[in-house]
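To convert, note that position 86 of the sequence shown is 74 in this note's numbering; the numbers rise steadily by one, no gaps. Just below is one structure, and these are the notes that go with it.
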Amino acid sequence: MTTKRTGTKLTVCILSPHPLVLSEFERILAKSQFKVIIKQLESTLAPDLRTLEPPKAQVYVIDAHAAKPATGALLANLLERFPESRLIVVGEQHNETNSFSLLRLGFKAFSPMSKPANN
């Protein structure tokens, strides 16, 4: 069975409260084949992120720098609004406690923001 490719670009939405994080992702993805939407989060409070109306995208890259309840609220919001979208969570640290709550939401993997150490 063959899969037909359409001429439509994959839409990636970057969500973060930090302008420097957003500009770095924008720089990295500038020459990609993706349609990139940059969205600076004005609030990192859980109630605000629960009701946020993000742009529609096939992939969301979420900066998990906010407090755990706020990040969880944003992720639950995205999962409810766009259940077919893929979510990528990036953050400085993913300790067991923080990761467990995200795994309960259905996430499969996490990506650290920092570069891997050279051995």
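Cβ atoms here follow ideal geometry from the backbone N, Cα and C, with glycine treated the same way. These numbers come from a predicted model, not from an experiment.
Return the chain-ordered list of same chain residues with a C-beta closer than 7 Å to the C-beta of residue i, the five sequence neighbours on each side being excluded.
{"i": "ASN65", "result": "LEU37, ARG38, LEU40"}
{"i": "LEU10", "result": "ILE2, SER4, ILE26, GLN28"}
{"i": "ALA151", "result": "Nothing about residue 151 can be read from this structure; the chain reaches only from -11 to 107."}
Looking only at its chain, what residues have a beta carbon closer than 8 Å to the beta carbon of residue i, apart from the 5 residues adjacent to it on each side?
{"i": "ASN107", "result": "For ASN107, the pLDDT reaches just 45, beneath the cut-off of 50, and the residue's location in the model is therefore unreliable, although a value from the coordinates is still provided. Closer than 8 Å at Cβ, skipping near neighbours: no residue."}
{"i": "ASN35", "result": "Going by the sequence as given, residue 35 is Pro instead of Asn. Counting only Cβ-Cβ distances below 8 Å, and skipping sequence neighbours, we find ALA61."}
To which residues of the same chain is residue i closer than 6 Å at the C-beta, ignoring the five residues directly before and after it?
{"i": "PRO43", "result": "CYS1, ILE25"}
{"i": "ALA54", "result": "THR32"}
{"i": "VAL50", "result": "Here residue 50 turns out to be Ile, not Val, going by the sequence shown. The residues are LEU3, VAL77."}
Around the C-beta of residue i, are 16 or more other C-beta atoms found within 10 angstroms, so that it is buried, or is it exposed?
{"i": "ALA18", "result": "exposed"}
{"i": "LEU(-2)", "result": "exposed"}
{"i": "SER4", "result": "buried"}
{"i": "LEU8", "result": "exposed"}
{"i": "THR(-4)", "result": "exposed"}
Closer than 8 Å, CB to CB, is residue i near chain B or not?
{"i": "TYR48", "result": "In summary, chain B is missing from the structure at hand, where a single protein chain is found."}
What is the DSSP secondary structure of residue i, reduced to helix, strand or coil?
{"i": "SER11", "result": "helix"}
{"i": "LYS19", "result": "coil"}
{"i": "LEU75", "result": "strand"}
{"i": "LYS32", "result": "A small fix is needed here, since residue 32 is Thr in this sequence, not Lys. THR32 falls in the coil class under three-state DSSP."}
{"i": "LEU(-2)", "result": "coil"}
{"i": "LEU40", "result": "coil"}
Please report the distance separating the alpha-carbon of residue i from that of residue j.
{"i": "HIS6", "j": "PHE13", "result": "11 Å"}
{"i": "ALA52", "j": "GLU30", "result": "14 Å"}
{"i": "GLU72", "j": "ILE16", "result": "25 Å"}
{"i": "GLY79", "j": "TYR48", "result": "14 Å"}
Just checking residue i against the ligand ZN - is the residue's beta carbon closer than 7 Å to any of the ligand's heavy atoms?
{"i": "ILE25", "result": "Judged by which ligands are present, the structure shown has none, so any question about the ligand ZN falls away."}
Entirely within the region 42 to 69 and at least 3 residues each: give me those beta strand (DSSP E) ranges in chain order. 47 to 51
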